[in-house]
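Participant:
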Amino acid sequence: MLRHGSRSLFNRASASSMRWRRQFSTGLPAETAEDTKFVESWKKMNPNMDPPKTPSAYMKPRPPTPANIPSKLTVNLVLPYDSVLSSKEVDMVIVPATTGQMGVLPGHVATIAELKPGILSVHEGNDVTKYFLSSGFAFVHANSVADIIAIEATPVDRLDPNLVQKGLADFQQKLNTASTDVEKTEAQIGIDVHSALNAALTG
Amino acid sequence: MSSSAAQPFWRAAGMTYITYSNLCASLVRQCLKEPYRSEAVSREKVHFNVSKWVDGKPEKPTIRTDTPE
Chain A
125 MLRHGSRSLF
135 NRASASSMRW
145 RRQFSTGLPA
155 ETAEDTKFVE
165 SWKKMNPNMD
175 PPKTPSAYMK
185 PRPPTPANIP
195 SKLTVNLVLP
205 YDSVLSSKEV
215 DMVIVPATTG
225 QMGVLPGHVA
235 TIAELKPGIL
245 SVHEGNDVTK
255 YFLSSGFAFV
265 HANSVADIIA
275 IEATPVDRLD
285 PNLVQKGLAD
295 FQQKLNTAST
305 DVEKTEAQIG
315 IDVHSALNAA
325 LTG
Chain B
85 MSSSAAQPFW
95 RAAGMTYITY
105 SNLCASLVRQ
115 CLKEPYRSEA
125 VSREKVHFNV
135 SKWVDGKPEK
145 PTIRTDTPE
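Just so you know, the sequences run in chain order A and B. Okay, so the first sequence: first residue is 125 according to this note's numbering, each after it adds one. Okay, so the second sequence: first residue is 85 according to this note's numbering, each after it adds one.
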């Protein structure tokens, strides 16, 4: 039925092409933008003009969730100044979420996790690469793509243990002498970050 | 619908997430080993110029900069 209509559908690109796309998508249908009632009443009023597109017609539909769980997880680790990992296929990543270390495997449920300062480990076969993240977010999408964003991510061997110990002692000192809320908060953040750095270096 | 859910300690003290995150990042940068540390410090430099407007006229701008003139 739709095949014959292809010539008349040529002019009404937006509405019908969305319908074509829905025909061929695999797995769950991605959300499409189409307002059939509006388009039909437009065509009744004004059959010679193309119906205008609404903002939702310009939105890309959500990538479809594959029917079978993929075998690899695609990871993107991005920083404001660099993309450390860009569509890398791995077996598993462990992210330092505020609720604890969270392992993400292919087929993981879609999740948004706020991260605390800690180690991100990327497992690929027998290789494990570890990065210390300063804090950020991890978005896991239903199609087994994980986006991890952080402001700083360094391999653990670039951290200096002496500076970490010194920083930890300094901030513990500052917490004892802090008087205002702001000072106490900054001292507490310093202690959290430095203890995480310490654990990363010794663990 | 907004419930007073348990807030992280920094938000309870009036700090925003961006401030918290930038603070964590600068603490991590200060613990890096030498060649990486100097590259990282350059990432923290800011240079900007703010002027308040009063009665349609700009006041004297305050310049905040880490780059030597």
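Idealized CB from N, CA, C, for every residue including glycine. What you are looking at is a predicted structure, and each value in this text was computed from that prediction instead of being measured.
Among A:306, A:234 and A:272, which has the Cα closest to the Cα of residue 217 of chain A?
Facilitator: Selection A:306, A:234 and A:272 evaluated against residue 217 of chain A yields A:272 as nearest (Cα-Cα).
Participant: Given 7 Å as the limit, tell me if residue 305 of chain A has its C-beta closer than that to any heavy atom belonging to the ligand ADP.
Facilitator: Ligands in the displayed structure: none, and consequently the ligand ADP is not present.
Participant: On a Cα-Cα basis, can you pick out the residue from A:280, A:299 and A:309 that is closest to residue 115 of chain B?
Facilitator: A:280
Participant: What whole-angstrom Cβ distance do residue 101 of chain A and residue 262 of chain A have, given they're in contact under 8 Å?
Facilitator: Outside the displayed span of chain A (125 to 327) sits residue 101 of chain A, for which this structure offers no information.
Participant: Touching or not, the region 293 to 303 of chain A and the region 249 to 269 of chain A, by the rule of three or more beta carbon pairs under 8 Å?
Facilitator: no
Participant: To the nearest angstrom, how far is the alpha carbon of residue 133 of chain B from that of residue 147 of chain B?
Facilitator: 4 Å
Participant: So which residues on chain B does residue 198 of chain A lean against when the C-beta distance must stay under 9 Å?
Facilitator: The contacting residues do not exist; residue 198 of chain A stays about 25 Å from chain B at best.
Participant: Terminal residues of the continuous alpha helix (DSSP H) containing residue 296 of chain A?
Facilitator: 285 to 301
Participant: Report the three-state DSSP secondary structure of residue 223 of chain A (helix, strand or coil).
Facilitator: In this structure, residue 223 of chain A counts as coil in the three-state DSSP scheme.
Participant: What number of angstroms, rounded off, separates the C-alpha of residue 157 of chain B from the C-alpha of residue 149 of chain B?
Facilitator: As displayed, chain B neither begins before 85 nor continues past 153, which places residue 157 of chain B out of reach and without an answer.
Participant: In angstroms, rounded to a whole number, what distance separates the CA positions of residue 254 of chain A and residue 245 of chain A?
Facilitator: Between residue 254 of chain A and residue 245 of chain A, the C-alpha separation is close to 4 Å.
Participant: What does a CB cutoff of less than 6 Å around residue 324 of chain A pick up in its chain, not counting 5 residues either side in sequence?
Facilitator: 243, 256 and 280
Participant: Does residue 317 of chain A get closer than 8 Å to chain B when you measure Cβ to Cβ?
Facilitator: yes
Participant: Per DSSP, what kind of secondary structure is residue 167 of chain A in: helix, strand or coil?
Facilitator: helix
Participant: By DSSP, does residue 200 of chain A sit in helix, in strand, or in coil?
Facilitator: strand
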